[in-house]
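Engineer:
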């Protein structure tokens, strides 16, 4: 996603330095090149070697260090950067940036930047609320610097309040937004299914699965961020539905999900089946609570929603998911054909960091033309964008 971009990360001296390691890692997984500048104080919190290992590039901290190849380094780093992230940004460097002070490699490079800048403040609550800090941040904002507001929580000093650095996943998401302001889904509507369905056994019990709906919701959010509209057909989910999703159809059973999908797919350009509907339901409907030492259930097959859509989709793009515990690729390719889908997203739910009820996923995307793309462990929001890239290609 970010393969053609180079990001410059400036790290100043605060305890949140350790979170900046994750920023480098996430950017690298998205394909970006990352250069790191550390202040002298930052090197007291995290070793430059850590950032060098993660970025696979030398860390710059000493403005007067002699290099083998001659170049004015603060200028060269500024020129090659497509985006600069300052995280953490302490009160000290914020003041220097605002006043144009250039007394080390980070502040000197900052003045030479022509690219967008994202700044993530991190400090004690009282410092963050100090009028001087607030004025300095406003001055930087007025010059076009993007300031990611600090968040509330327990600080290193033991206080609770605002001052924590924004989470790395949110900082990287903002970086992606700045570098890739896509609107490729403008004018398109995407039907997304999310979550689990449940089939009642009796008046109090039901059959379901471990799906949280996180993957489907992230796909829906990504569509909107890229200019599209979403029809979200949701079963049981464990995450909040963003208010900007303009059409949400809530269902409980697989049959209800089938009806909702078949009633809405014609208005959509892409159908993404990210839900985990129950394959079976009890044959008999029982209103009251069953009692007894043993219980025997006769199950019948639920309708195959993906196959039904595949039979009538026409020119629409159909994306299906294949969650398996064994024979993943073989099963995924079979599903791609049997459902008449255009793309199958396959994931082995036995892998750590993949599958149900996690914030990350490890998937292989297989297309109708036989191409296969195995992705490393990524956040589900990152996976969502890759899926959307492929669906619109």
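Numbering (the working numbering), first residue to last: 87 to 479. Beta carbons: idealized from backbone N, C-alpha and C, even for Gly. The structure presented is a predicted model; accordingly, all values stated were derived computationally and were not measured.
Suppose you measure from the CA of residue 476 to the CA of residue 269; what does that come to, to the nearest Å?
Structural biologist: Residue 476 sits at position 390 when you count from the first residue of the chain shown. Residue 269 sits at position 183 when you count from the first residue of the chain shown. For residue 476 and residue 269, the distance between alpha carbons rounds to 15 Å.
Engineer: Can you check the stretch 275-345 for any alpha helix (DSSP H) of at least 4 residues that lies completely inside it and give the ranges in chain order?
Structural biologist: 300-311
Engineer: Does residue 240 pass the burial test, meaning 16 or more other C-beta atoms within 10 Å, or should it be called exposed?
Structural biologist: Looking up residue 240 in the chain shown gives position 154. Answer is exposed; the Cβ neighbour count stays below 16.
Engineer: When you compare only the Cα positions, how much space is there between residue 361 and residue 279?
Structural biologist: Taking the chain shown and counting its residues from 1, the one referred to as residue 361 is at position 275. Taking the chain shown and counting its residues from 1, the one referred to as residue 279 is at position 193. In a straight line, the C-alpha of residue 361 is about 5 Å away from that of residue 279.
Engineer: Is the Cβ-Cβ distance between residue 163 and residue 121 less than 7 Å?
Structural biologist: Against the chain shown, residue 163 aligns to sequence position 77. Against the chain shown, residue 121 aligns to sequence position 35. In this structure, residue 121 lies closer than 7 Å to residue 163 by Cβ.
Engineer: Looking at C-alpha atoms only, which residue of 202, 183, 252 is the closest neighbour of residue 218?
Structural biologist: As a working note, residue 218 is residue 132 in the chain shown. Nearest C-alpha to residue 218: 183.
Engineer: Could you give the DSSP three-state label for residue 91: helix, strand or coil?
Structural biologist: As a position in the chain shown, residue 91 is number 5, starting the count at 1. Three-state result, residue 91: coil.
Engineer: Three-state secondary structure (DSSP) at residue 394?
Structural biologist: Here residue 394 refers to the residue found at position 308 of the chain shown. Residue 394: helix per DSSP, three-state reduction.
Engineer: If residue 446 and residue 439 are in contact, beta carbons under 8 Å, what's the gap, nearest whole angstrom?
Structural biologist: Locating residue 446 in the chain shown gives position 360, counting from the first residue. Locating residue 439 in the chain shown gives position 353, counting from the first residue. Sure, about 5 Å apart at Cβ, within 8 Å.
Engineer: Output yes or no for whether 7 Å exceeds the beta carbon distance between residue 392 and residue 405.
Structural biologist: Numbered from 1 along the chain shown, position 306 holds the residue referred to as residue 392. Numbered from 1 along the chain shown, position 319 holds the residue referred to as residue 405. No, they are not a contact pair.
Engineer: Hey, would you say residue 314 sits closer than 7 Å to residue 344, going by beta carbons?
Structural biologist: Numbered from its first residue, the chain shown carries residue 314 at position 228. Numbered from its first residue, the chain shown carries residue 344 at position 258. Going by C-beta atoms, residue 314 is not nearer than 7 Å to residue 344.
Engineer: Spatial neighbours of residue 213 within its chain, please: C-beta separation below 8 Å, excluding the five flanking residues on both sides.
Structural biologist: By 1-based counting over the chain shown, the position of residue 213 is 127. Within the same chain, residue 213 has close Cβ partners 177, 219, 249.
Engineer: CA-CA distance, residue 372 and residue 384?
Structural biologist: Within the chain shown, numbered from 1, the residue matching residue 372 stands at position 286. Within the chain shown, numbered from 1, the residue matching residue 384 stands at position 298. C-alpha separation (whole angstroms): 12 Å.
Engineer: Suppose the cutoff is 6 Å on Cβ atoms and the five residues either side in sequence are ignored; what does the same chain contact list for residue 172 look like?
Structural biologist: Counted from its first residue, the chain shown places residue 172 at position 86. 96, 205.
Engineer: Beta carbon of residue 357, beta carbon of residue 351: below 7 Å?
Structural biologist: For the purposes of this step, residue 357 is taken as the residue at position 271 of the chain shown. For the purposes of this step, residue 351 is taken as the residue at position 265 of the chain shown. Cβ distance < 7 Å, so residue 357 and residue 351 count as in contact.
Engineer: Measuring straight from C-alpha to C-alpha, what distance separates residue 175 and residue 363?
Structural biologist: Translated into the one-based positions of the chain shown, residue 175 becomes position 89. Translated into the one-based positions of the chain shown, residue 363 becomes position 277. Each residue's alpha carbon lies about 46 Å from the other.
Engineer: Where DSSP assigns a beta bridge to residue 354, which residues make up the other side?
Structural biologist: On the chain shown, residue 354 is found 268 positions in, with the first residue counted as 1. Beta-bridge pairing links residue 354 to no other residue.
Engineer: Which value, in whole angstroms, describes the spacing of the CA atoms of residue 331 and residue 281?
Structural biologist: As a working note, residue 331 is residue 245 in the chain shown. As a working note, residue 281 is residue 195 in the chain shown. For residue 331 and residue 281, the distance between alpha carbons rounds to 16 Å.
Engineer: Rank 137, 353, 320 by C-alpha distance to the C-alpha of residue 342 and give the top, closest one.
Structural biologist: Translated into the one-based positions of the chain shown, residue 342 becomes position 256. Measuring C-alpha to C-alpha distances from residue 342 to each of 137, 353, 320 identifies 320 as the nearest.
Engineer: Start and end of the beta strand (DSSP E) containing residue 404?
Structural biologist: Reading the chain shown from its first residue, position 318 is the one you call residue 404. Boundaries of the beta strand (DSSP E) around residue 404: 403-410.
Engineer: Tell me where the beta strand (DSSP E) around residue 423 begins and ends.
Structural biologist: Along the chain shown, read from residue 1 onward, the residue named residue 423 stands at position 337. For residue 423, there is no enclosing beta strand (DSSP E); the residue is found in the alpha helix (DSSP H) stretching over 414-424.
Engineer: Measuring CB atoms only, is the stretch 455-473 touching the stretch 297-315, in the sense that at least three cross pairs come out at less than 8 Å?
Structural biologist: yes
Engineer: Taking buried to mean at least 16 other C-beta atoms within 10 Å of its own C-beta, is residue 455 buried or exposed?
Structural biologist: Locating residue 455 in the chain shown gives position 369, where the first residue counts as 1. In this structure residue 455 is exposed. Its beta-carbon is surrounded by fewer than 16 other beta-carbon atoms within 10 angstroms.
Engineer: Residue 435 and residue 409 - do their beta-carbons sit closer together than 7 Å?
Structural biologist: The sequence position of residue 409 within the chain shown is 323, counting from 1. The sequence position of residue 435 within the chain shown is 349, counting from 1. Yes, the pair counts as a contact, with Cβ atoms nearer than the cut-off.
Engineer: Do residue 169 and residue 233 have their C-beta atoms within less than 7 Å of each other?
Structural biologist: Locating residue 169 in the chain shown gives position 83, counting from the first residue. Locating residue 233 in the chain shown gives position 147, counting from the first residue. For residue 169 and residue 233, no; Cβs fall outside 7 Å.
Engineer: Which same chain residues, not among the five before or five after residue 197, have their C-beta less than 8 Å away from its C-beta?
Structural biologist: Counting from one through the chain shown, the residue named residue 197 turns up at place 111. If we look at residue 197 and ignore the five residues flanking it on each side, its Cβ neighbours are 186, 188.
Engineer: Three-state secondary structure (DSSP) at residue 199?
Structural biologist: As a working note, residue 199 is residue 113 in the chain shown. Here DSSP, grouped into helix, strand and coil, assigns residue 199 to coil.
Engineer: Nearest to residue 287 by CA position, among 227, 295, 336, 369, is which residue?
Structural biologist: To locate residue 287, count along the chain shown from 1; it is residue 201. The candidate whose alpha carbon is nearest that of residue 287 is 369.
Engineer: Considering only residues of the same chain and omitting the five flanking positions on each side of residue 437, which have a CB-CB separation below 7 Å?
Structural biologist: As a working note, residue 437 is residue 351 in the chain shown. The answer, listed in chain order, is 448.
Engineer: Going by DSSP, what residue range makes up the beta strand (DSSP E) through residue 248?
Structural biologist: By one-based count along the chain shown, residue 248 stands at place 162. Residues 246-250.
Engineer: Rounding to the nearest angstrom, what Cα-Cα distance links residue 340 and residue 283 in this structure?
Structural biologist: Within the chain shown, numbered from 1, the residue matching residue 340 stands at position 254. Within the chain shown, numbered from 1, the residue matching residue 283 stands at position 197. The straight-line gap from Cα to Cα measures roughly 6 Å.
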